[in-house]
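S.K.: Here it is: the structure, laid out below.
Printed below as a string of structure tokens:
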């Protein structure tokens, strides 16, 4: 615990070593925790701009999106849920290292080419929030908002607890989150970005997008750290 506390308060203040290879990095490095060589491990790959899944080349909409486009306009992510990226998400989400939100948000913001009017995030049910002590997506949203100079606000409330979605297929995930959220108040923004840590089927953000569109929002972007392929139906 003491080691974690020291890392939290010194990693971004003092010249240090790369978190992956331990090579010394200076104050002018592109990222405060990674050397230029290890930073390449997070380099972007071609993806569909709409759904965020990997494609042979960069496209605005892949074949699946042309047939059934998601409710959002663009999805921005760092990469797939695999090492080393997945280990930082795990530390943020399950190991109490909420300061990893800055590590991850700095990897994401350089890929965002259009600033929204407002940034919001996927909410936790109050029981899950009390158990974990914080909302990892909220911390990511705060950090991204600071980097982009865009206000961040909690627009959604989770009105009922849902089952953990790990291991569920697309249909099960959709049923699990159906009508689980509502807006906290009326909104007056045309372009809103929703932040989540990991996006798989998109069932949760789909529900949130419906609420925003019904409230008059014109453009919705999704910001996530990891975009994973959808699990096959069972």
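In full-length UniProt numbering, the protein residues as written are 1 to 234. All C-beta atoms in this analysis are idealised placements derived from N, C-alpha and C, irrespective of residue type, glycine included.
1) For residue 189, does the three-state DSSP call read helix, strand or coil?
2) State the start and end residues of the unbroken beta strand (DSSP E) segment that holds residue 224.
3) Tell me the DSSP secondary structure of residue 73 in three-state form.
4) Using the rule of at least 16 other Cβ atoms within 10 Å of the residue's Cβ for burial, across every protein chain shown, is residue 116 buried or exposed?
5) Between the Cα of residue 155 and the Cα atoms of 143, 138, 144 and 147, which residue gives the shortest distance?
6) Residues bridged to residue 181 by DSSP?
7) Note down, in chain order, each residue of its chain lying with its Cβ closer than 6 Å to the Cβ of residue 53, except the 5 sequence neighbours on either side.
8) I'd like the span of the beta strand (DSSP E) that includes residue 120, first residue to last.
9) Judging by CA-CA distance, which residue of 55, 41, 60 and 39 is the nearest neighbour of residue 49?
10) Would you grab the beta carbon distance between residue 58 and residue 221 for me? Rounded to a whole angstrom, and I think it's under 8 Å.
11) Is residue 36 helix, strand or coil by DSSP?
12) Is the separation between the beta-carbon of residue 78 and that of residue 33 shorter than 8 Å?
13) Counting along the chain, where does the alpha helix (DSSP H) carrying residue 103 start and finish?
14) Taking 8 Å as the threshold, find out whether the stretch 24–43 comes into contact with the stretch 98–113 through three or more Cβ pairs.
15) Roughly how many angstroms separate the alpha carbons of residue 19 and residue 228, rounded to a whole number?
16) Taking its Cβ as the centre, do 16 or more other Cβ atoms sit within 10 Å of residue 203, making it buried, or is it exposed?
M.R.: Result, derived from the coordinates:
1) coil
2) 219–227
3) coil
4) buried
5) 138
6) 158
7) none
8) 118–121
9) 60
10) The pair is not a contact, with the Cβ atoms about 17 Å apart (cut-off 8 Å).
11) helix
12) no
13) 100–109
14) yes
15) 24 Å
16) buried
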